[in-house]
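Here is the structure we will look at.
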Amino acid sequence: MADSVEMADIRSLDLDKTVKGFALVNYIFKSAITNSTTTADHIRWYQETAADLTPTAPTVISDVSPLALFPTLEATWTRNTSYVQKYAAEDTISMEDMKSSDIDVVARTLLRLTRAVVKQVDTDIYNVITEDQSPSTISTVASVAAWDAGSGQDPIKDILGAIEDIEDYNYDISQGELWLNPKQKTSLLTWLISTKGGSIPQFASEKVKNGVLMEFLGLKVRVSNNVVADSAPVLIPAAAATWKSHTNTTSVAIEDRGIGTKFRVYELGITLLTDPRAVCLITNTDA
Numbered sequence: 004m005a006d007s008v009e010m011a012d013i014r015s016l017d018l019d020k021t022v023k024g025f026a027l028v029n030y031i032f033k034s035a036i037t038n039s040t041t042t043a044d045h046i047r048w049y050q051e052t053a054a055d056l057t058p059t060a061p062t063v064i065s066d067v068s069p070l071a072l073f074p075t076l077e078a079t080w081t082r083n084t085s086y087v088q089k090y091a092a093e094d095t096i097s098m099e100d101m102k103s104s105d106i107d108v109v110a111r112t113l114l115r116l117t118r119a120v121v122k123q124v125d126t127d128i129y130n131v132i133t134e135d136q137s138p139s140t141i142s143t144v145a146s147v148a149a150w151d152a153g154s155g156q157d158p159i160k161d162i163l164g165a166i167e168d169i170e171d172y173n174y175d176i177s178q179g180e181l182w183l184n185p186k187q188k189t190s191l192l193t194w195l196i197s198t199k200g201g202s203i204p205q206f207a208s209e210k211v212k213n214g215v216l217m218e219f220l221g222l223k224v225r226v227s228n229n230v231v232a233d234s235a236p237v238l239i240p241a242a243a244a245t246w247k248s249h250t251n252t253t254s255v256a257i258e259d260r261g262i263g264t265k266f267r268v269y270e271l272g273i274t275l276l277t278d279p280r281a282v283c284l285i286t287n288t289d290a
């Protein structure tokens, strides 16, 4: 007989541990970027200008004469203030369902609530990193042609162009990644195999846990429905952005005797785009 919620092992179910387990599996972008904590409701942070410094006076930094003035180099930063956001979802399970249904009702409710919160956090991370797909400080590369076009496309050239753009700012691309949605992954592999006669890239063994499906051109490839159509970023996620966690993914059960139990899942934090030049957005990937 299936366990019911009235039995001792179900009563001792650690709801918060369950939710954190669900979140660990479902986060894709949050696990890729840098994570740190904050206790404040707002964060003042600085975005350093990415371009190499150039001297003002004198105008060269080589062959400086004895006793001559040193060339002056001036680093610049843009000061930003970001406010912590709350992500939250809840649902209520009736007393009758709690008493007569097995643990799946609670577990499935927690899973769906957690996924809703996780999806929104990951969506916001993507939108911050891509500047809502309207770049102002990150770099962009327009595709040669849509990856699912009938002809003329060259995803390899597009991706290599994005890599080159990031390397132009002296970032080490060895920790670089390519983020795709499922449609773009299909278009890329279809073009590679059917048009170029290439072999399927090696799939990673930890694909379910961390979202990394394969490696391509030296980049880890993460696939998520949160990647917005017509856009595919190449980036060094740990350098590009930081998730400032105020309150980690948390759950709570609130019992209303005679009615049911309300389950809440919530999280507080904010994404900071600290190094925009560690990102290059490939645009026009979809027909």
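Counting in the numbering used here, the sequence shown runs from 4 upward without gaps. Glycine included, each C-beta is placed from N, C-alpha and C at the ideal position.
What are the start and end residues of each continuous alpha helix (DSSP H) run of 4 or more residues lying completely inside the stretch 174 to 202, in chain order?
185 to 193
Quick test of the definition: if touching needs 3 or more C-beta pairs under 8 Å, does the stretch 103 to 123 touch the stretch 60 to 76?
no
On the CB-based measure, 16 or more other CB atoms within 10 Å of its CB, does Gly-179 come out buried or exposed?
Looking up residue 179 in the sequence shown gives position 176. Result: buried.
With 16 other CB atoms within 10 Å as the buried threshold, where does Glu-270 fall?
By 1-based counting over the sequence shown, the position of residue 270 is 267. Flag for Glu-270 reads buried.
Can you find the residues in the same chain that come closer than 8 Å, C-beta to C-beta, to Pro-185, ignoring five residues on each side of it along the sequence?
To locate residue 185, count along the sequence shown from 1; it is residue 182. For Pro-185, where only same-chain residues beyond five positions count, the Cβ hits under 8 Å are Val-226 and Asn-228.
Could you tell me the alpha carbon to alpha carbon distance between Thr-274 and Ile-132, rounded to whole angstroms?
Numbered from its first residue, the sequence shown carries residue 274 at position 271. Numbered from its first residue, the sequence shown carries residue 132 at position 129. Distance between the alpha carbons of Thr-274 and Ile-132 is about 8 Å.
Which same chain residues end up closer than 6 Å to Ser-97 when comparing Cβ atoms and leaving out the 5 residues on each side of it in sequence?
Locating residue 97 in the sequence shown gives position 94, counting from the first residue. The residues are Gly-263.
Measure the alpha-carbon distance for Ala-281 versus Ala-256 and round it to whole angstroms.
Against the sequence shown, residue 281 aligns to sequence position 278. Against the sequence shown, residue 256 aligns to sequence position 253. C-alpha separation (whole angstroms): 41 Å.
Buried versus exposed, by CB contacts within 10 Å (16 or more), Glu-209:
Counting from one through the sequence shown, the residue named residue 209 turns up at place 206. Note that Glu-209 has pLDDT 45, beneath the 50 cutoff, so the model's placement of it is unreliable and no number is given.
Inter-residue Cα distance where the pair is Asp-278 and Trp-48:
Counting from one through the sequence shown, the residue named residue 278 turns up at place 275. Counting from one through the sequence shown, the residue named residue 48 turns up at place 45. Approximately 12 Å, taken between the alpha carbons.
Ser-190 to Asp-175, Cα distance in whole Å?
Numbered from its first residue, the sequence shown carries residue 190 at position 187. Numbered from its first residue, the sequence shown carries residue 175 at position 172. Going from the Cα of Ser-190 to the Cα of Asp-175 covers about 28 Å.
Nearest-angstrom Cβ-Cβ length linking Phe-25 and Leu-163, presumed shorter than 8 Å
As a working note, residue 25 is residue 22 in the sequence shown. As a working note, residue 163 is residue 160 in the sequence shown. The pair is not a contact, with the Cβ atoms about 37 Å apart (cut-off 8 Å).
Just to confirm, is the Cβ distance from Asp-44 to Asp-151 under 8 Å?
To locate residue 44, count along the sequence shown from 1; it is residue 41. To locate residue 151, count along the sequence shown from 1; it is residue 148. No.
If we ignore side chains and look at the alpha-carbon of each, how far apart do Ala-207 and Glu-218 end up?
One-based indexing of the sequence shown puts residue 207 at position 204. One-based indexing of the sequence shown puts residue 218 at position 215. For Ala-207, the predicted model reports a pLDDT of 49, less than 50, meaning its position is unreliable; a value from the coordinates is still stated below. Ala-207 and Glu-218: Cα-Cα distance of roughly 8 Å.
Extract the residue ranges of the beta strand (DSSP E) inside the stretch 32 to 56, only unbroken runs of 3 or more that lie entirely within it.
37 to 40 and 45 to 51
Verify the contact flag: Gly-263, CB atom, against every heavy atom of the ligand NAP, threshold strictly below 7 Å.
Among the components of this structure there are no ligands whatsoever, and the ligand NAP is therefore not found.
Three or more C-beta pairs below 8 Å linking the stretch 25 to 34 and the stretch 113 to 130:
yes
On the DSSP letters alone, give me the boundaries of the beta strand (DSSP E) that Ser-254 sits inside.
Counted from its first residue, the sequence shown places residue 254 at position 251. 244 to 259 is the extent of the beta strand (DSSP E) around Ser-254.
Measure the alpha-carbon distance for Cys-283 versus Val-109 and round it to whole angstroms.
Along the sequence shown, read from residue 1 onward, the residue named residue 283 stands at position 280. Along the sequence shown, read from residue 1 onward, the residue named residue 109 stands at position 106. Between Cys-283 and Val-109, the C-alpha separation is close to 42 Å.
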